[in-house]
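Reading through the structure tokens given below for one structure.
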């Protein structure tokens, strides 16, 4: 009987090891696929001295759903983003439309592609290897938040400078944060609930950018980085 138990335990251990190896191999494949896709589009990375971002226009010719490019210094966030008619299609697809665990950065379909919405929301996956929006969590650290205050969005014929002012962890159903048209109480809500905040003198006419990804602090949690367009 003891020998039987030992044999069963040994088989279970082998099964766990095989399953763990299979998961690790799949994860490696997913990360490699994302890295290859990212490497392929980096030749289109816009340059700061461009007035018309021809590289974004060229990228749109290849991938028509591309809306622009997002760069945040100090992080790994340096990607094109897309707009599509829903918020599901690019959740697990790359720019080619093929299945990809990392998906693609995408605008909320309710937002205008030219960033004229009061609150423009960009979503990305929180990948464990730091790709996509995996390094957004760096802004939870006060020293990092204080030292990294700006990002850039490159549109085909315009370049936008982002000034970061708040980092939050919220529920995915948070109506204040995920509304395209913030309420009158929005700024007070952000001040009260932000993990990190700096007063940059926001005005009612300012256009807000919300970068959103998953957080694992509680069920259905999301971390968001808020910025205004300068």
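Residue numbers (the working numbering): 192 to 421. Backbone N, C-alpha and C fix where the C-beta goes; we use that ideal spot for every residue, glycine too.
#### Entry: DSSP state of residue 228 mapped onto helix, strand, coil
helix
### Query
Whole-angstrom Cβ separation of residue 419 and residue 390, contact assumed at under 8 Å?
Contact doesn't hold; Cβ gap of about 12 Å is too wide.
### Query
Residues in its own chain within less than 6 Å of residue 221 by CB, not counting five upstream and five downstream?
292
### Task
Would you decide whether residue 255 is buried or exposed? Buried here means 16 or more other CB atoms lie within 10 Å of its CB.
exposed
### Message
On the CB-based measure, 16 or more other CB atoms within 10 Å of its CB, does residue 169 come out buried or exposed?
### Response
Outside the shown range of the chain (192 to 421) lies residue 169, about which nothing can therefore be said.
### Residue nearest to residue 277 in terms of C-alpha spacing, selected from 251, 236, 249, 313
313
### Message
Excluding the 5 residues flanking residue 344 on each side, which residues of the same chain have their C-beta closer than 6 Å to its C-beta?
### Response
259, 261, 351
### Query
Does the distance from the CB of residue 404 to the CB of residue 414 come in under 8 Å?
yes
### Query
Are the Cβ atoms of residue 387 and residue 333 separated by less than 8 Å?
yes
### Query
Should the segment 233 to 242 be regarded as contacting the segment 302 to 319, the criterion being three or more beta carbon pairs within less than 8 Å?
no
### Query
To the nearest whole angstrom, what separates the beta carbons of residue 358 and residue 330, a pair I think is in contact under 8 Å?
4 Å
### Query
If you draw a straight line from the C-alpha of residue 284 to the C-alpha of residue 294, how long is it?
5 Å
### Query
How many angstroms separate the CA atom of residue 288 from the CA atom of residue 231?
15 Å
### Task
Determine the burial state of residue 379: buried for a count of at least 16 other Cβ atoms within 10 Å of its Cβ, exposed for fewer.
exposed
### Message
Give me the DSSP bridge partner(s) of residue 390.
### Response
DSSP output for residue 390 lists no bridge partner at all.
### Task
Could you check how far apart the C-beta atoms of residue 373 and residue 310 are, in whole angstroms? I think they sit under 8 Å.
5 Å
### Query
Enumerated in chain order, which unbroken segments of the beta strand (DSSP E) with a length of 3 residues or greater are wholly contained in the segment 239 to 290?
257 to 262, 269 to 273
### Task
Find out if the Cβ-Cβ distance for the pair residue 306, residue 275 is shorter than 8 Å.
no
### Task
Could you check how far apart the C-beta atoms of residue 412 and residue 360 are, in whole angstroms? I think they sit under 8 Å.
6 Å
### Query
Looking at C-alpha atoms only, which residue of 364, 267, 349, 421 is the closest neighbour of residue 225?
267
### Assigned secondary structure, residue 354 (DSSP; H/G/I helix, E/B strand, else coil)
strand
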